[in-house]
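Student:
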Amino acid sequence: MMSKLRSGLAGLIRHLMCLITGLYLLAVQGYAQEKVNVSGKVLDEKGAAIIGATIIVKGSKGNGASTDESGRFTLPGLVPDAVLVVSYLGYQTREIPLKGRKSLSISLVEDSRLLEDVVIIGYGTQKKGDVTSSVASVRPENFAQGAIKDVGQLIQGKVAGLAVSNPSGDPTSTTQFRLRGTNTIGGANTAPLVLIDGVPGSINTVAPEDVESVDVLKDGSAAAIYGTRGTNGVIFVTTKKSKGGETNQVDYNGYMSTSRILKKPDLLNATEFAALYPNEDHGASTEWLDEIMRTPFTQVHNLSLRGGASSTNYIVNLNSNSSEGIMLKSANETFQGRTEVTHKMFDDKLQVKVGFLGKKNKFESTANSGSFSGYTYRQALLRNPTDPVKNADGSWYENLSKFEYENPVARLEESYGDVKNTEVRFNGGLTFNPVRDLTLSGVMSYVEQKRNHGYSETLNHASARRDGFAGWSSVGASARSESLVELTALYNKQINRHKMSFLGGYSYNGVDFEDMYFSNFGFQDDQFGGWHNIGIGSALKEGKADANSHKWTTNLIGFFGRATYSFDDRYLLMASLRYEGASQLWGTDNEWGAFPAVSLGWRITREPFMKDQNVLDDLKLRIGYGVTGSQPVNGFLGVAMLKYDKFAYVNGKWVQTIVPASNPNPDLKWEEKKETNIGLDFSLLKNRLSGSIDAYNRNVDGLLYEYSVPVPPNLYNKTWANGGTMQNRGIEVLLSGVPVTAKNFDWHTNVTFSTNSNKLKSLDGSVFKTQFDYFNTGWLAEPVKTESHRVQAGERIGNFWGFKVVDIDENGKWIYEGADGTRIAYNDFSRAPEEKQIIGNGLPKWYAGWNNNFRYKNFDLAITMRGAFGFQIINEARMYYENAKNSRMENRLKSVNDPVFGKTTLSKDIDPEFNSYYVEDGDYWKVDNILLGYTFNKLGKHIKSLRLYTSVLNALVITGYKGVDPEVNAEALNPGYDNRDQYPSIRSFTFGAGIKF
Amino acid sequence: MKSKIVYIFITVITLVLAACTKLKDDSYGQVISEKYNPKTEQEVSYLVNAAYVPWRETMLLWNGVVRAQELCADQDVLPARPNGWVDGGIYKRWHLHTWTTDDDSALQPWVRTYTGINTCNRLLSQIEEGIIIVNGDIKEGLVSELKVLRASYYYILVDLYGNVPIVTDFKDVSLPKQSARKEVFDFVVSEISQNIDKLSETARGYYYGRINKWGAYTLLAKMYLNAEVWTGTPRWTDCITACDKVIDFAGKTGEYALESNQKDVFRTANENSKEIIFALPFDEIYVTDWNAFDFHLYTLASESQQTYNFTNTPWGGVCVIPQFIGSFDPEDIRLKENFISGQQYKASGEILTRADNGKPFAYLKDVPSIDKSDITDGYRWGKFEYATGITNRLSNDWPMFRYADILMMKAEALLRSGQPGAGALISQVRQRAFKNNPGKATVTDDQLKGGSVYDYGRRDENRSTQEGGGDITYGRLLDELGWEFTQEGRRRQDMIRFGVFSSKSWFSHDATKNRNRDLYPIPNSARLTNSNLQQNPGY
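Line order of the protein sequences matches chains A and B. Each position in the first sequence, counted from 1, maps to that position plus 1311 in the working numbering. Each position in the second sequence, counted from 1, maps to that position plus 240 in the working numbering.
(1) Using a Cβ-Cβ distance under 8 Å, would residue 260/B count as near chain A?
(2) State the Cα-Cα distance for the pair residue 1985/A and residue 1861/A, rounded to the nearest angstrom.
(3) Is there a Cβ of chain A sitting closer than 8 Å to that of residue 211/B, yes or no?
(4) Does chain A have any CB closer than 8 Å to the CB of residue 655/B?
(5) What separation, rounded to the nearest whole angstrom, lies between the Cα atoms of residue 645/B and residue 340/B?
(6) For residue 1743/A, count the other beta carbons within 10 Å of its own beta carbon; 16 or more makes it buried, fewer makes it exposed. Which is it?
(7) Where do the ends of the beta strand (DSSP E) carrying residue 1823/A lie?
(8) Can you find a C-beta in chain A that's less than 8 Å from the C-beta of residue 538/B?
(9) Distance cutoff 8 Å, beta carbons only. Does residue 780/B sit that close to anything in chain A?
(10) Which same chain residues, not among the five before or five after residue 1334/A, have their C-beta less than 8 Å away from its C-beta?
(11) Within the same chain, show all residues whose beta-carbon is closer than 6 Å to that of residue 2163/A, passing over the 5 residues directly before and after it, in chain order.
(12) For residue 1383/A, which option in 1391/A, 1374/A, 1364/A, 1392/A has the closest C-alpha, if you only look at C-alpha atoms?
(13) Does the structure place the region 1583 to 1591 of chain A close enough to the region 1605 to 1623 of chain A that three or more beta carbon pairs sit under 8 Å?
(14) Give me the chain B residues within the contact set of residue 1739/A, using Cβ-Cβ distance strictly less than 9 Å, ordered along the chain.
(15) For the region 2004 to 2016 of chain A against the region 2036 to 2044 of chain A, do three or more pairs of beta-carbon atoms, one drawn from each stretch, fall closer than 8 Å, so that the two count as touching?
(16) Per DSSP, residue 579/B is paired with what?
(17) Do you know how far the Cα of residue 515/B is from the Cα of residue 665/B?
(18) Using beta-carbon positions only, say whether residue 1576/A and residue 1546/A come within less than 8 Å of one another.
(19) Kindly confirm or deny that the region 1836 to 1849 of chain A and the region 1807 to 1815 of chain A touch, where touching means at least three C-beta pairs closer than 8 Å.
(20) Does any C-beta atom of chain A lie closer than 8 Å to the C-beta of residue 320/B?
(21) Curious, which full-length beta strand (DSSP E) runs of at least 3 residues does the region 2075 to 2124 of chain A contain?
(22) Can you give the beta carbon distance from residue 1689/A to residue 2258/A, rounded, assuming they're within the 8 Å contact cut?
(23) For a quick check, are the C-beta atoms of residue 2230/A and residue 2149/A less than 8 Å apart?
(24) In the DSSP output, which residue or residues are listed as bridge partners for residue 1674/A?
(25) Among 1416/A, 1704/A, 1982/A, which one has its Cα closest to the Cα of residue 1359/A?
(26) Excluding the 5 residues flanking residue 2119/A on each side, which residues of the same chain have their C-beta closer than 8 Å to its C-beta?
(27) Can you check whether the C-beta of residue 543/B is within less than 8 Å of a C-beta belonging to chain A?
(28) Does the region 303 to 315 of chain B come within contact of the region 2200 to 2210 of chain A, defined as at least 3 CB pairs closer than 8 Å?
(29) With residue 1468/A and residue 2160/A assumed to form a contact (beta carbons below 8 Å), what rounded beta-carbon distance in angstroms separates them?
(30) Looking at residue 681/B and residue 704/B, is the spacing between their C-beta atoms short of 8 Å?
(31) Tell me which residues share the same chain as residue 1435/A and place their Cβ nearer than 7 Å to its Cβ, disregarding the 5 neighbours each side in the sequence.
(32) Locate the beta strand (DSSP E) running through residue 413/B, then write down its first and last residues.
(33) Determine, using beta carbons only, whether residue 1590/A comes closer than 8 Å to chain B.
(34) If I follow the unbroken alpha helix (DSSP H) through residue 651/B, where does it start and stop?
(35) According to the Cβ coordinates, are residue 416/B and residue 2024/A closer than 8 Å?
(36) Hey, is residue 418/B's beta-carbon within less than 8 Å of any beta-carbon in chain A?
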């Protein structure tokens, strides 16, 4: 919030730049005026001295002073017509022309702008001071800078309670979001709703460079106006706008960046491998990871043109992003253009807005319909380092009869293809004010997303040489269109100290999806075939390849209303109701659901009894309750459906059988999340310190899940039903402060802290009954082959479920602790499912972030840090690559030679298994983003400002975790699982420039 | 102007609201049941044949009945391999008979058979209600077929779990009640007996892969053969009668007969084999479950891909217990034809070599233990032909019931009921196995009454004991069943009938002396969804 003020100040200065410069030039060039010494005092409204206020002589470089303990200042040698700019944090900046005076008494008025700041809430905005629910805003000055992947990374660690993680270094991946914990086990809505200027989109819909601000609705009372989609919170992404009457402005931002693997897995080299496995020494020395990695180069350019007159404004934003990954042939290229025109007419009563976004994305594909295959990375990790890359004759060195063993370089070089995404978004809006206080608006949008992918493996690829899939190829396409119509009417009225507003609206959201896919093999050569000529392979003709297509449509219809009322800006009330129907529930008895919310606010500082205190600037207590929901993922679960099933052999022919598609469950209904939020907003010491504290309690009722049921009487042993209840509780704290503010040096800091405690209270619901109080989920692939997580009533989501080892015997064999707590020797341990127990949990119990912005003269330095604590990680790479038995004779981590529990190395008789030894504490603290910039103001005639900066992302990780990155997947029901095939995280280094014309 | 805009605005809102409160109900790729009205015989067959699909899955999908019958028995073992095959110890527990109520081994046969039963119940109910319209003349036969098919799923359940719920009414949505093993047995026998006369007598054609009268008699014979174990009361005469029905029909029509080469029953294109009475048809193209029928992948080592040019790399796997191989007469053709052993060659004829060290690749008889084995240790399953160039799935049909079984069931019933003739029947089956030395084909009734030549005893690198098989009553007949029906997913049932399942040791398995392990436990997850289910004794 402090930074907002700072930016406001900067804006003001920028606007006056010409004038100032002109005056200054006039002053120095013009007449040799008589200099005067000026002294004065700076006071607040109540006449108290303001200490540390800054007084700058307008147009001068560095000529200024600060007030002392009595609020006094002196400035020597001023020209009599100088203008003083007096500022102090939390107060409105004033400009005082000297007009020849030598002694001044300047009073500053408290700046209530912070509280007047407008915050986006659903279908409208509210003054921050009036907000009664938990809403967080992140402004550009707090955005992370550098090689930012998407909007998620901009706000990572900046919103308490919003866990943003970035577990993959793949340039085509996006960040992951979770707000206030895991709130569903099988509902459709798992992530926050992302609205791009009010229209549903995703976190990578717009380029991060094109974002003006991000607002997050956290609690249910705020999000309930969005009904079901808002159940995991709402993230508003506001793109850059042109402002009324602004002079034309052109901004260029660009950067170049490179990156490296965050932490390279420490594998045996050829010598070490040969020492351990002398029979497997094939003579060469290859660092396989280096063979598939590179030093990537990324460049991003963003150009925005803004301008207009008082009635018409436009912005055009062009963005080009060409990112390379650290792995060969992994890259991502996006070009997008966005334009928005607003026009006011009929005496400004009608505002028309038309927006358009076009986006073209393309990336190289060395995996079927994807970017980079994790299997290739795996092969680089496990491949024998004494294998050469190529034979003497230049052909690939393979050993294809070895199980699951392929040359990773060959995998990359012998495959080709690309994925192309295009997206077009149209949106239009009309806002009409027929009479004072009434606003009618309509928003319409249409989004079309298309994806085309093609992938081929050559005849020299392992698939052809080993499996006979000559030239295996696939080609596919999908198209998704989404339309949105939202109509609202808003009536605002203020009668004396009574302020009220009423909103009514209708929303229609429809999605249409279709895709198709073909695969084929049996190509005669690499020249004529491949994915661009999929039909000529033989396998489709023989019925051995795939051809499929799908289509589905859904819609979501909502009616909503909201009323707000406030008395004297002291007592605040907001109540809303959304009545919503989802096509996924068509045919059930509960197609429509009602989602109410109410919230109250009390601005304590406006009470008469607080009048005389001057510590607190503002103190507001908020309390809110809201119901949101989630529909099931699939439709038609309430009615009996028939599907084609497997083939049966009838009279010499294979015929497609027809069977019921699922157990119909007409009782299926919305999963409901009821959330209570209590919050306190405060600002004190003239806004030097401000913040908010929120406590929430979320109870999710009627959890949607595919529950186990008996067969018979059911058709299938799983039924989608509304089962048990889950609770999420937590506290979120945001503290913003300005420890230092002086003429040349500012330090703005903010701290976020959040906790989350999750509990699945029951799987047995009021509608659906089950004896099951658990189910297992997550999967560790062969040779371990077991489920990794258990979801159990009475426990947290994210529990790891495996064997517990407590020690190792002298032979290097595990000593277990049985489910009853006794020590069991390796050979006596049954390894039965019953011996498993909870050996960790992958969901962090608390998150913290600490963001700092420093300014020294024209330098700016930002250091953002964040961390997650109280969770564990399943280090799958260690589970596999530290196993000493290594029966497949693959490469190992160096730690294979380390003694286990400090005693002895693991026995060579022990098979890889999932046990607690491979579960590690994941606690980490990251110095996430270090940014150093320098701004040149007014360079030459045409450049308003130039800023150069350099930054590091993922700069430093403090953790005890032994894997590549402790920031692992925290989504779904198997959080904390560090997949050994995960594209490794990166550290990136960026040099960038921003120019304003 | 102003009012006009308001007017347009309101009109637009009204129209939109009226038109746009309808939730989408367009389904693609699926059909709302109410909108589908099958009428033609062909359409009906799409619905009805769904009831057969669970049979092939019951037997052969991952951790199906074939494994439930073989991996716990004395012929096959799935030891830890360099490629893996530890899988949380499930295969070891199978071998040691220490499976738990949560093990997949107990769960999968339960889930799949009840899927079949449920499908039969649903179809019977739909036919009765006229939702599926079947013409009067074929209706009776179809209903009978579905009832016997349903009984055939209970045959698996009564064997593996014993005490299971009998569910026949699709409309009854209450939690099923458990029945005792004898009640289940009686239900199966009575269902077959009541419906058998309405079943088709057609051997193949439309009835290939379906339950006809002869399949039903074979099933009935199976029930009677095991009646003593399952109910406490032997039914040898009934078993002989049921077998004779099939033998008479075969004799009269020639529709069923022994193949002159046993191998021909297990060829890729075996659908015309006269030996097969009830087949579960497979096809690599049409049966699309990944593990539908994957013996080749789960027995052979990766290197063997080059022998057969499979489109998938095998990850084997299961191998034959050396003691079982040791029980064979070296001249028995089945020893050579039913197992893959010795030096392997590439499809081109070149010598196959090991991927790790380049040495010649040969499958060796010995296996160190359940916990340890090299890629080449143990002879591999080779009874079913592995066609060159096939995918991860075999196209060979699964001979669920075959004519040799009829002869041998009858032989066993004769022998156990003290009647002569068993030797002649067994010799008939043995003839094709000893073509090179026909004298050895003959076996007498007395020989069959003698002990087993299987050298029972714990026999792995950790421990070796000598138990032998000489003390087994009708042990030689048990050997004959083993030699003829290896890899056919039934060994456990035979061993239990001969009393050796819990009394003998083999390979890494020590005799449990625990008859409770003759039954699998009711799966824990089934009990969690149905509180009426009591666990089997000893679990």
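For glycine and all other residues, C-beta sits at the position ideal for the given N, C-alpha and C.
Tutor: In short, the structure shows the following:
(1) yes
(2) 35 Å
(3) The structure shown does not extend to residue 211/B, since chain B is modelled only from 241 to 779, so the question has no answer here.
(4) no
(5) 32 Å
(6) buried
(7) 1809 to 1831
(8) no
(9) With chain B covering only 241 through 779, there is no way to say anything about residue 780/B.
(10) Because residue 1334/A sits at a pLDDT of 39, beneath the cut-off of 50, its placement in the model cannot be relied upon, and the point is left open.
(11) 2060, 2174
(12) 1364/A
(13) no
(14) Chain B residues near residue 1739/A: none, gap ~13 Å exceeds 9 Å.
(15) yes
(16) 621/B
(17) 15 Å
(18) no
(19) no
(20) yes
(21) 2085 to 2088, 2100 to 2103, 2110 to 2113, 2115 to 2119
(22) Incorrect: roughly 43 Å between the Cβ atoms, too far for contact.
(23) no
(24) 1730/A
(25) 1416/A
(26) 2125, 2126, 2211, 2212, 2214, 2215, 2217
(27) yes
(28) no
(29) 3 Å
(30) no
(31) 1801, 1814
(32) Per DSSP, residue 413/B belongs to no beta strand (DSSP E) and is neither H nor E.
(33) yes
(34) 643 to 656
(35) yes
(36) no
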